[in-house]
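>
Number of protein chains: 2
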Amino acid sequence: MLNNYNTEDKVLLSVDCIIFGFDNEGLKILLIKRDFEPEKGKWSLMGGFLKKSESLNGAAIRVLNRYTGLQDIYMEQLYAYSEVDRDPVDRTISVAFYALINIENHNTALIQDHEAEWFSISKMPKLIFDHNEMVAHAIRRLRYRTSTKPVGFELLPEKFTMRQLLELYEAILDKELDKRNFISKINSLDILVKLNEKDMLSSRKGSYLYMFDKEKYDAKLLNHFVLNL
Amino acid sequence: MLNNYNTEDKVLLSVDCIIFGFDNEGLKILLIKRDFEPEKGKWSLMGGFLKKSESLNGAAIRVLNRYTGLQDIYMEQLYAYSEVDRDPVDRTISVAFYALINIENHNTALIQDHEAEWFSISKMPKLIFDHNEMVAHAIRRLRYRTSTKPVGFELLPEKFTMRQLLELYEAILDKELDKRNFISKINSLDILVKLNEKDMLSSRKGSYLYMFDKEKYDAKLLNHFVLNL
DNA sequence: ACAAAAGTGTTCATGCTACACCCATGC
DNA sequence: GCATGGGTGTAGCATGAACACTTTTGT
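Residue numbers (full-length UniProt numbering), protein chains in the order written: chain A, 1 to 229; chain B, 1 to 229.
1) Taking 8 Å as the threshold (C-beta atoms), are Leu201 (chain B) and Leu227 (chain B) in contact?
2) Closer than 7 Å by beta-carbon distance: list the chain A residues that pair up with Lys51 (chain B), in chain order.
3) Below 7 Å CB to CB, which residues in the same chain sit around Gly41 (chain B) once its five sequence neighbours on both sides are set aside?
4) Helix, strand or coil, according to DSSP, for Val84 (chain A) in the structure here?
5) Does any C-beta atom of chain A lie closer than 8 Å to the C-beta of Leu12 (chain B)?
6) How many whole angstroms separate the CB atoms of Ile29 (chain A) and Ile111 (chain A), which I take to be in contact at a CB cut-off of 8 Å?
7) Which of helix, strand or coil does DSSP assign to Ile172 (chain B)?
8) Which of the three DSSP states, helix, strand or coil, is assigned to Phe129 (chain B)?
9) For Leu2 (chain B), which residues from the same chain have a beta carbon less than 7 Å from its beta carbon, with the 5 sequence-adjacent residues on both sides left out?
10) Among the residues of its own chain, which have a CB less than 6 Å from the CB of Lys194 (chain B), if the five just before and after it don't count?
11) Report back the beta-carbon spacing between Phe129 (chain A) and Val15 (chain A) to the nearest angstrom; my notes put them in contact at under 8 Å.
12) Under 8 Å Cβ to Cβ from Tyr169 (chain B), same chain only, skipping five residues before and after it: list those, please.
13) Please list the partners that Tyr79 (chain B) has in chain A, where partner means a Cβ-to-Cβ separation under 8 Å.
14) Suppose you measure from the CA of Lys123 (chain A) to the CA of Val63 (chain B); what does that come to, to the nearest Å?
15) Please state whether the Cβ-Cβ distance between Val95 (chain B) and Ala80 (chain A) is less than 8 Å.
16) Between the C-alpha atoms of Gly206 (chain B) and Pro125 (chain B), what's the straight-line distance to the nearest angstrom?
17) Per DSSP, which residues does Leu77 (chain B) bridge with? Please list them.
18) Under a three-way DSSP split, which group does Met134 (chain A) fall into?
19) Among residues of its own chain, excluding the 5 on either side of Arg141 (chain A), which ones have a beta-carbon nearer than 8 Å to its beta-carbon?
20) Can you pull the chain A residues whose beta carbon is under 8 Å from the beta carbon of Ile93 (chain B), in chain order?
21) I want to see whether chain B comes within less than 8 Å of Asp16 (chain A), judged by CB atoms only; does it?
22) What does the Cβ neighbour count give for Tyr67 (chain A), buried or exposed, with the cut at 16 atoms within 10 Å?
23) Count the other CB atoms, across all protein chains shown, that sit within 10 Å of the CB of Lys175 (chain A); report buried if there are 16 or more and exposed otherwise.
24) Let's test the definition: count the other Cβ atoms within 10 Å of the Cβ of Pro150 (chain A) and tell me whether it reaches 16, buried, or not, exposed.
25) What's the gap between the Cα of Leu12 (chain B) and the Cα of Asp90 (chain A)?
26) Give me the DSSP bridge partner(s) of Phe22 (chain B).
27) Run down chain B in chain order and give the residues with a C-beta less than 8 Å from the C-beta of Tyr5 (chain A).
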């Protein structure tokens, strides 16, 4: 009887993923129509139950892959939601994760199969259970993370213009930023490579493309920086 | 069969509490000798299993009360630890919380009953499982929280001197602070009341006692501030 | 008188903010 | 030649950092 915890309650544990994407319309979140009861047909975060053989991170990666086909995605654990009545069917504790993906990369067929849709964060529908609270929390965390880690690049294509980067940060922080100040702050971090290549789609003059230089970033042992925008 | 999740795995969920206290020797953590197998007799965080009828917060409050006799304590959820083999006995996911208590207030009899002891954070023993990792995480979070919320006051007696406050912040941040700069930054937040009362124990001259003014703080709708020390 | 901690302001350097004009190109 | 977005620098201001001496009082 010593080597177990038999008298203790066991519960269901799930993960829910807040998946952020960014396109020229702004910051978006990927939602699905829930395909099982209860609340079938309502908008919901992507989730799944934890299996005994995987960690929470593993479960979140599995869920994300199932709905987007993506792997090797930036993902961070947010918070555990545990109100007793949060799921009306059975006692379920859910651990929320948020993920940042390049919106161009995901598998659109998979998205359609699951009746998933991208929503602007400013036009989110009502979600099931406490999912709206999770989303609000994720947005707060993303805003904070922006000032301590170069997470923005996760949401952009590999090559991007300064304007795209600026608009991304404006979308995340929900405020206008001064173009010149923004660029000089980004440049002072010294973690971008300017390419000899221009994006000619957005203007006649064309604007230089940049890439995030992960090696340079790692080389500085910058496990965090401070970026005040 | 629709209104349940019968086919899903259920797991054990526990909470572990990192309890911080502060005295004139520095920042401390309350640990217990684990009183059941496995790892019985080893140093451990205070923990307990989640019951079906309570939230994680509820469980953490219950555990904290059981070991310290305290209620209405500042507490914050940290992170969910879920490596598959983190507990050798049974699959257990643990959600860590940290709490800040006034070290003078707790019930010393209870502490003795449980063979609990205060350890300086610089002299922590090896703990069971992944508890050392939890502690490291809690210290990081506390350092960050210090710059966004007036959490320091939770660790001090109701009335305290500027020197105590300074030494507390030095202990949390693990660096020396300039006395004059510190005091003027704290004063500029305008959330303290200076009392007409001196602490005569620490010097011949005596030093004024202060209290945290929660009403003033709330009145400013300061859900967070920035304090760069 | 002296020891021990309390209390108190100023200067300097840095970083942040605000702000406007020329450039290159396709049409 | 003009319309469109791209790209660039500076001056004023606010904040943070560094720094030393006087006060009080019990012994």
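Note that CB positions come from ideal geometry on N, CA and C, so glycine has one too.
Note that the coordinates shown come from a computational prediction; the quantities given were computed from them, not determined experimentally.
In short:
1) no
2) Asp9
3) Lys33, Arg34
4) Here Val84 (chain A) sits in coil by DSSP.
5) yes
6) About 13 Å separates the beta carbon of Ile29 (chain A) from that of Ile111 (chain A), a gap too long to meet the 8 Å contact definition.
7) helix
8) coil
9) Low confidence applies to Leu2 (chain B): its pLDDT is 47, below 50, so where it sits in the model is not reliable, and the reading given next is rough at best. Contacts found: none.
10) A distance below 6 Å between beta-carbons, with the five flanking residues on each side excluded, links Lys194 (chain B) to the following residues of its chain, in chain order: Tyr208, Tyr210.
11) Between Val15 (chain A) and Phe129 (chain A) the Cβ distance is about 13 Å, and since that is not below 8 Å, they are no contact.
12) Excluding sequence neighbours, Tyr169 (chain B) sits near Thr146, Gly152, Leu177, Phe182, Leu229.
13) Gln77
14) 41 Å
15) yes
16) As the crow flies, the alpha-carbon of Gly206 (chain B) is around 38 Å from that of Pro125 (chain B).
17) Note on residue identity: the sequence assigns Gln, not Leu, to residue 77 (chain B). Gln77 (chain B) pairs with B:Phe97.
18) helix
19) Glu76, Leu78, Tyr98
20) Leu13, Leu50, Leu56
21) no
22) If you draw a 10 Å sphere on the C-beta of Tyr67 (chain A), you find 16 or more other C-beta atoms in it, and that means buried.
23) exposed
24) buried
25) 15 Å
26) Paired residues: B:Leu27.
27) Leu12, Phe49, Val89, Asp90, Thr92
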